[in-house]
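Numbering (our numbering), first residue to last: 267 to 594.
Remarks on the structure that follows.
Next comes the structure, spelled out in structure tokens:
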């Protein structure tokens, strides 16, 4: 085996744009679940809306700042429409509703009635909406090599996208850190522990839940933008499995922590890449094809999630006391 190539490939996943996008989505989910105790299983819906809002508005000729505002507005409206009738639900009921809402977004996105807008099941090509982002790059054309890593300076899976993505993740971590130590964040933690007690103190629990749902959804929509900048907007790639991967990342790193989602995303994608690369080199094609090795990687992810929930539900950085959530 070429260990240098394997290590370089795996290390590249640690700071890849996809890793940053999932870390940001998990940070948004952390506001929902880790801080507030909302069982949101529809984070992929927020990501898809953000991706569509950005891509469609960019194709329509909007500047990048306006396209970002459209993406944020789409996720905000979705959170309000989703939250108004459902935030009084608890536990499993809220989880079921959010799964269904995210599936509605995906199915509407792939509907042939909206082919001219969303591209239906084929989605939107990346070269139709990436130019405004690429044009902001200060790195110019061509590619650059830093250590063993060589990437394009500005286009698609580039150094420019990596810098922007991880700066956004760092800002989101700073935001969560400040919120967790603010009066607003302490109210959210109180709601997570016992919302009836918080309500008895005169706090509007419903309003706080709505604010948390909107904020986490907005962060999820920005994660959706980062996710599609190195690829195309394809609705079927942002369905139920994506939400479960975000949950795995959050539980792996630790809910109700600042850096748990970031650590979880890095470990998730680097270990998955390690399994794939080593599997291709070690396992003969007569035993397991490349496609089967890919599926085997996801099987390992599923088993890992099961073991996490059973033996260390608080995650790597988490505190078990933080998971004493009232979900009656």
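The beta-carbon is built from N, C-alpha and C at its ideal position, and this holds for glycine as well.
Keep in mind the model is a prediction, meaning the values are calculated, not measured.
Own chain residues within Cβ distance below 8 Å of residue i, not counting five before or after
i	result
residue 406	419, 420
residue 354	472
residue 242	Since the first residue of the chain shown is 267 and the last is 594, residue 242 is not available in this structure.
residue 594	The predicted model places residue 594 with a pLDDT of 43, which falls under 50 and marks its position as unreliable; any figure quoted below should be read in that light. 356, 357, listed in sequence order.
residue 296	442, 482, 516, 521, 522, 523, 526, 527
Check whether residue i and residue j have beta carbons under 7 Å apart
i	j	result
residue 293	residue 527	yes
residue 439	residue 524	yes
residue 220	residue 515	This structure gives no information on residue 220, because the portion of the chain shown stretches from 267 to 594.
residue 299	residue 365	no
residue 566	residue 345	no
residue 317	residue 368	no
residue 389	residue 558	no
residue 424	residue 416	no
residue 458	residue 352	no
residue 375	residue 381	no
residue 543	residue 362	no
residue 568	residue 498	no
Contacts around residue i, its chain only, beta-carbon distance under 6 Å, and the 5 residues preceding and following it disregarded
i	result
residue 333	320, 323, 324
residue 586	580
residue 400	420, 421
residue 577	none
residue 276	536, 539, 540
residue 486	291, 294, 309, 312, 313
Minimum C-alpha distance to residue i - residue among the options
i	options	result
residue 488	445, 568, 432	432
residue 286	393, 490, 275, 442	490
residue 484	313, 304, 269, 284	313
residue 434	271, 272, 289, 469	289
residue 335	315, 466, 347	315
residue 494	428, 575, 360, 378	428
residue 451	437, 436, 469	469
Chain-order list of residues whose beta-carbon lies under 7 Å from that of residue i (same chain, five-residue window excluded)
i	result
residue 414	274
residue 474	453, 454, 457
Spell out a yes or no on whether the segment 276-287 and the segment 331-348 are touching, meaning 3 or more CB-CB pairs, one atom from each, closer than 8 Å. no
Tell me whether the segment 504-519 and the segment 328-335 touch, counting them as touching only if at least three CB pairs, one residue from each stretch, are closer than 8 Å. no
Please list the segments of the alpha helix (DSSP H) lying wholly inside the segment 443-523, counting only runs of 4 or more residues, in order along the chain. 449-466, 471-494, 506-519
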